[in-house]
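Visitor: Structure in structure tokens, see below.
Residue numbers (the UniProt record's numbering): 1 to 152.
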């Protein structure tokens, strides 16, 4: 009798369901109930990417963050944005920024407080950055909702 391969996944959280299954042998047409179970688990949340502006850079060295700002300078593989102050970006090959457009960046803060870009999204020119700054302030005022301050 040929058995189906066992499905295994690393436990990411407590199991949601246990599903017993049965197998029918193609040769003898006998039905056999398997003793093992398939475990379906819910995935854990991905790493938090706190929203920051330039004044928060020092608090998030070597952390992955999210920044929304206006492109003020483009020079090859680097750029500068205004996000409550000047932030230098180290661009990846997928970054396609335009001068004076808003850009949202997910990146890692280096020790010199520049941000190494992992993902960037051009948001165009119609973004009210004062609203984005208010969101950042609320994020840090109520940090327990958005990120764990102990690990920062």
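Heads up, the beta-carbon is just placed ideally off N, CA and C, and yes, glycines get one too.
So residue 57 packs on residue 113, CB below 8 Å; how close in whole Å?
Guide: Counting from one through the chain shown, the residue named residue 57 turns up at place 57. Counting from one through the chain shown, the residue named residue 113 turns up at place 113. At roughly 4 Å, the Cβ-Cβ gap stays under 8 Å, so residue 57 and residue 113 are in contact.
Visitor: Any idea if residue 120 is buried or exposed, counting beta-carbon neighbours within 10 angstroms, 16 or more meaning buried?
Guide: Taking the chain shown and counting its residues from 1, one reaches residue 120 at position 120. Buried: at least 16 other Cβ atoms inside 10 Å.
Visitor: Measure the beta-carbon distance from residue 66 to residue 49 and round it to whole angstroms, keeping in mind my assumption that it falls under 8 Å.
Guide: The residue labelled residue 66 in the question sits at position 66 within the chain shown. The residue labelled residue 49 in the question sits at position 49 within the chain shown. Contact flag correct, Cβ pair sits at about 4 Å.
Visitor: Can you tell me the Cα-Cα spacing of residue 126 and residue 83, whole angstroms?
Guide: Along the chain shown, read from residue 1 onward, the residue named residue 126 stands at position 126. Along the chain shown, read from residue 1 onward, the residue named residue 83 stands at position 83. Going from the Cα of residue 126 to the Cα of residue 83 covers about 15 Å.
Visitor: Looking only at DSSP bridge pairs, what is residue 70 linked to?
Guide: Within the chain shown, residue 70 is the residue found at index 70, counting from 1. Its beta-bridge partners are 82, 102.
Visitor: Helix, strand or coil: how does DSSP classify residue 44 here?
Guide: Residue mapping note: residue 44 aligns to position 44 of the chain shown, counting from 1. Low confidence applies to residue 44: its pLDDT is 48, below 50, so where it sits in the model is not reliable, and the reading given next is rough at best. The answer is coil: DSSP assigns residue 44 none of H, G, I, E or B.
Visitor: For residue 108 versus residue 64, is the C-beta spacing smaller than 9 Å?
Guide: One-based indexing of the chain shown puts residue 108 at position 108. One-based indexing of the chain shown puts residue 64 at position 64. It is a contact, given that the beta carbons lie within the stated cut-off.
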